[in-house]
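Notes for the one structure printed next.
Residue numbers (this note's numbering), protein chains in the order written: chain A, 4 to 222; chain B, 4 to 222.
In structure tokens, the structure reads:
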């Protein structure tokens, strides 16, 4: 697969079929992930794949509690805004994401594969999320959709217990990525254009070029 | 460029030529970056490109102070280990990285382009480092090398002042990525293999497959 196609069309895929992901595909996903950089090449990471229904069954209720908490706290202002202005483009986009996130939570146990990332001595996340994103890009090349979630952080202690992670090794939870063959279509997700979120040399100074439309696919 | 080639050969490139990066390449780098996912598609990010010698001149001494502090504190145990066992593979690899990091610091001002990433409301880093890694992968497709560094975090306050970043907006520094056309060769960096850093269903349980050699290039 072309790099640009992967970068532009790997969007969150929250509706998937229950079909299992073959071991060969899982190996390609993880082998691509570990090529990503880490500070000082320390590789203080662990990648925990979950496909056991019993383990997923323990995680599902936790995950749904976390999503409930997320929408009642951090996302509460956006829900209020969407209710106040239901027809604005932001509200429509947020509503779509909200329904999709609830769908993922309700079907958590039916995702065929989950990837949990853990990391040591990485205060910023810069030594784990490049690898996680590489995993998601490599999955895309095999037609496997993914969604990156961090919401289980709300129930970190129970996660440690479920997975049997030693408390004295100071592993930090980075993410849970759901994987599955998507039912929907790949596509480029809506974004604010580059010239609205980029500066040059000083804050608020124009970056010097405009990119009104996605540069891929090439015209 | 093939996705796998990018994922497997985008390693830290700390020795570069001073040639400028054309605007069209910069636009491709940033337009690829903003396709990456963020929690709730919030896109609470800013990408600050730096190519002004005067601004780089203010940052260079700060950067060198930070690198000095890094090797005197966080990396001190690894330096001690490398001095105690200079011929071990770990020590040789660490020494190579150390010299390369010092080279980057000494030549900070001669990198033609720097990218500073800032983010709001992203406690984990999961909503900025995928975009930064996409920028580095897109640069790779244009033959531009990059190195992801976070060490300027040690001098966050001075960075805010140099860039004129408003203090009341709660922007968090994510990284400084150096860009430039490399003098060295692209290649796959050494990593611990997947089966040593991956588990299945529970901590320390074998992942179920072994990947003794990188899966790319395909045999």
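Think of the CB as a built atom: it goes at the ideal place given N, C-alpha and C, for glycine as much as any other residue.
- Within the model, the alpha-carbon separation for residue 199 of chain A versus residue 86 of chain A is close to 26 Å.
- Look at residue 11 of chain A here: in three-state DSSP terms it is helix.
- For residue 181 of chain B, no CB of chain A lies under 9 Å from its own CB, so it is not counted at the interface with that chain.
- Counted as a single uninterrupted DSSP element, the stretch harbouring residue 147 of chain A is not any beta strand (DSSP E), since DSSP gives it neither H nor E.
- Assignment of beta-bridge partners to residue 181 of chain A by DSSP yields A:117 and A:150.
- Per the coordinates, the alpha-carbon of residue 119 of chain A lies some 7 Å from the alpha-carbon of residue 177 of chain A.
- Less than 9 Å divides the Cβ of residue 129 of chain A from the Cβ of residue 132 of chain B.
- Residue-level contact check: residue 46 of chain A touches chain B, since one or more beta carbons of chain B fall below 9 Å from its beta carbon.
- Taking the Cα positions, residue 189 of chain B is about 19 Å away from residue 42 of chain A.
- Pairing residue 48 of chain A with residue 196 of chain B, the inter-Cα distance amounts to about 12 Å.
- In the DSSP secondary-structure assignment, residue 209 of chain B is bridged to B:202.
- It is roughly 24 Å from the alpha-carbon of residue 181 of chain A to the alpha-carbon of residue 82 of chain A.
- Residue 197 of chain A has no beta-bridge partner at all, per DSSP.
- Residue 55 of chain B sits in coil when the DSSP states are folded into three classes, being neither helix nor strand.
- For residue 27 of chain A, the closest of B:11, B:212, B:71 and B:140 by C-alpha to C-alpha distance is B:212.
- In the DSSP secondary-structure assignment, residue 49 of chain B is bridged to B:121.
- Using beta-carbon distances, residue 197 of chain B counts as an interface residue toward chain A, with a partner under 9 Å.
- Under the 8 Å Cβ criterion, the region 139-154 of chain A does not count as touching the region 147-163 of chain B, having fewer than three qualifying pairs.
- Within the same chain, Cβ atoms closer than 8 Å to the Cβ of residue 143 of chain B are found at 4, 9, 12, 13, 149 and 189, the five residues on either side in sequence being excluded.
- For residue 108 of chain A, same chain residues with a beta-carbon under 7 Å away, outside a window of 5 residues either side, are 66, 67 and 70 in chain order.
- Residue 166 of chain B is positioned such that its CB atom lies no closer than 9 Å to that of residue 136 of chain A.
- Contact residues of the region 12-37 of chain B toward chain A are 12, 13, 14, 15, 26, 27, 29, 30, 31, 33, 34, 35, 36 and 37 (C-beta to C-beta distance below 9 Å).
- For residue 105 of chain A, the nearest beta carbon of chain B is not closer than 9 Å to its own beta carbon.
- According to the DSSP secondary-structure assignment, residue 19 of chain A is paired through a beta bridge with A:185.
- A direct Cα-Cα distance of roughly 43 Å separates residue 104 of chain B from residue 101 of chain A.
- Closest by C-alpha distance to residue 121 of chain B, out of B:44, B:32 and B:51, is B:51.
- Listed as beta-bridge partners of residue 175 of chain A by DSSP are A:122.
- With 16 or more other Cβ atoms from the protein chains shown falling within 10 Å of its own Cβ, residue 183 of chain A counts as buried.
- When the Cα atoms are used, residue 63 of chain A and residue 44 of chain B turn out to be separated by approximately 23 Å.
- For residue 221 of chain B, there is no enclosing alpha helix (DSSP H), as DSSP gives it neither H nor E.
- Per the coordinates, the alpha-carbon of residue 139 of chain B lies some 7 Å from the alpha-carbon of residue 32 of chain B.
- Interface annotation, residue 88 of chain B: not in contact with chain A, CB-CB separation never under 9 Å.
- Residue 161 of chain B: member of the alpha helix (DSSP H) spanning 159-166, first to last residue.
- Neighbourhood of residue 189 of chain B in chain A, by CB distance below 7 Å: empty, with the nearest CB roughly 12 Å away.
- Using a Cβ-Cβ cut-off of 9 Å, residue 155 of chain A does not count as an interface residue toward chain B, since no Cβ of chain B sits closer than that to its own.
- The DSSP-derived three-state label of residue 5 of chain A is strand.
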